[in-house]
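Note that my numbering has the sequence shown beginning at 1, numbered continuously upward. In this text, a Cβ means the ideal position worked out from N, Cα and C, and glycines have one as well. Each remark here refers to the structure printed beneath this line.
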Amino acid sequence: AVCNFNPTPCKDPPDKLFTAHGLWPSNSNGNDPEYCKAPPYHTIKILEPQLVIIWPNVLNRNDHEGFWRRQWDKHGSCASSPIQNQKHYFDTVIKMYTTQKQNVSEILSKANIKPGRKNRTLVDIENAIRNVINNMTPKFKCQKNT
C-alpha cells in the first residue's frame, strides 16, 4: 500500500506479503518517544537476510541499512525492558513477524481473505486479525486511490 500512496514511487514491484513497517515503543501515557539516548546503530549481519524480507526499505531497495538505521535512531533507541539492546530490538521484529499471531498475510489467508478481485470489508479484515490477537482491536489507516 505504501507504494500506491507515497509521493516517491517504489522502484520494484510491491511485495506479495505484508512487511513490517516499524516497532515503536510507547509510554504508559500513550506518547511515542523518539530519538532517545542509546548506543549508535551498528550493522548486525546475522539478521540481515531475514530483515530484508520482513522489514525492507520498500522505497529504496538499495538502502535497507539506511532504513534500519533510521528506525533504530528514531524508535529503537527509546525501547526499554524487555528490549535489551539493538540486536534484541531487531530480533524482536523478526520474532513478532514470524509468529502466527503477528504475520498478517498468514492470518488473512487462514480467514480465507486472499488477494484477488473479491472486495472484503474492513470489518472482515479486522475480525480476522482480532480473532488471533486476544480480541484486541487492530489499528488501520485506509487510503483511497486518487
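Let me know the secondary structure DSSP gives LYS45 once reduced to three states.
If DSSP states are grouped into helix, strand and coil, LYS45 belongs with the helices.
Take ILE54 and list the residues in its own chain whose beta-carbon comes closer than 7 Å to its own, dropping the five residues that flank it on each side.
For ILE54, where only same-chain residues beyond five positions count, the Cβ hits under 7 Å are THR19, ALA20, VAL93, ILE94, TYR97.
Can you give me the C-alpha to C-alpha distance between ARG120 and VAL104, rounded to a whole angstrom?
Taking the straight line joining both Cα atoms gives about 15 Å.
Taking the CB atoms as reference points, tell me whether ARG69 and TYR89 lie closer together than 7 Å.
Cβ distance not < 7 Å, so ARG69 and TYR89 don't count as in contact.
Please classify GLY77 as buried or exposed, where buried requires at least 16 other C-beta atoms within 10 Å of its C-beta.
Looking at the sequence itself, residue 77 is Ser, so the reference to Gly does not match. Answer is buried; the Cβ neighbour count reaches 16.
What is the DSSP secondary structure of TRP72, reduced to helix, strand or coil?
It is helical.
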